[in-house]
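Trainee: This is the structure I want to talk about, given as structure tokens.
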Amino acid sequence: MSAASGTAQVKLLFCLRRRADLTREEFQEYWQGSHGKLGVELADDLGFIRYVQSHTLSAPLNDALQASRSAPPAYDGVVELWFESVEAVERTFSTPKGRAAARRLVEDESNFVDVSASPIFLVSEHGMYEKPL
Numbered sequence: 019m020s021a022a023s024g025t026a027q028v029k030l031l032f033c034l035r036r037r038a039d040l041t042r043e044e045f046q047e048y049w050q051g052s053h054g055k056l057g058v059e060l061a062d063d064l065g066f067i068r069y070v071q072s073h074t075l076s077a078p079l080n081d082a083l084q085a086s087r088s089a090p091p092a093y094d095g096v097v098e099l100w101f102e103s104v105e106a107v108e109r110t111f112s113t114p115k116g117r118a119a120a121r122r123l124v125e126d127e128s129n130f131v132d133v134s135a136s137p138i139f140l141v142s143e144h145g146m147y148e149k150p151l
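This note's numbering puts the first residue of the sequence shown at 19, with every later residue one more than the last.
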């Protein structure tokens with residue numbers, strides 16, 4: 019099944035950079051607390067089936083990994099919103115309720131996210147390996 023045709027689960031990924039006036043701790047606290055609760059509250063209106071926040075660790079190993087590749091600074095975190103299909107995402111944003119919910123999230127993002135430096139895009143997942151339990 020092809021995610022592009024709308025027949026497979028897709029994820030909306032949002033790679034977050036925090037506002038310059040916030041520490042990583044302040045950013046993560048707001049994101050997981052206030053904004054996270056808002057996302058859960060709006061889940062039905064937005065039509066997603068799973069919501070995951072991945073918070074970047076403050077760890078020397080992260081600095082070493084970036085330096086080893088001459089990479090830019092890591093994102094402060096990544097959001098995954100899972101949807102049943104591309105069509106489900108399109109349906110969400112075609113309804114007044116879905117658009118209103120999305121507006122609420124976007125407005126709240128201005129409290130902690132540097133939106134202009136934070137890419138957002140849809141992906142299909144292709145599992146390559148999972149160690150048997």
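Think of the CB as a built atom: it goes at the ideal place given N, C-alpha and C, for glycine as much as any other residue. It should be emphasised that the depicted structure is a prediction, and the values quoted were computed from it without experimental measurement.
Can you say whether residue 87 is buried or exposed, counting buried as having 16 or more other CB atoms within 10 angstroms of its CB?
Mentor: Residue 87 should be labelled exposed.
Trainee: Just list the residues that DSSP pairs residue 100 with in beta bridges.
Mentor: 29, 68.
Trainee: Go to residue 141, then tell me how far its beta strand (DSSP E) extends in each direction, as first and last residue.
Mentor: Its beta strand (DSSP E) spans residues 138-141.
Trainee: In chain order, which alpha helix (DSSP H) runs of at least 4 residues are fully inside the segment 45-94?
Mentor: As far as the segment 45-94 is concerned, its whole alpha helix (DSSP H) runs of at least 4 residues are 54-59, 61-64, 78-86.
Trainee: Determine the DSSP secondary structure at residue 123, reduced to helix, strand or coil.
Mentor: The answer is helix: DSSP assigns residue 123 an H, G or I state.
Trainee: Quick one, are the C-beta atoms of residue 89 and residue 80 less than 8 Å apart?
Mentor: In this structure, residue 80 does not lie closer than 8 Å to residue 89 by Cβ.
Trainee: Taking residue 31 as the reference, which of 149, 146, 142 has the closest Cα?
Mentor: Residue 31 has its Cα closest to that of 142, out of 149, 146, 142.
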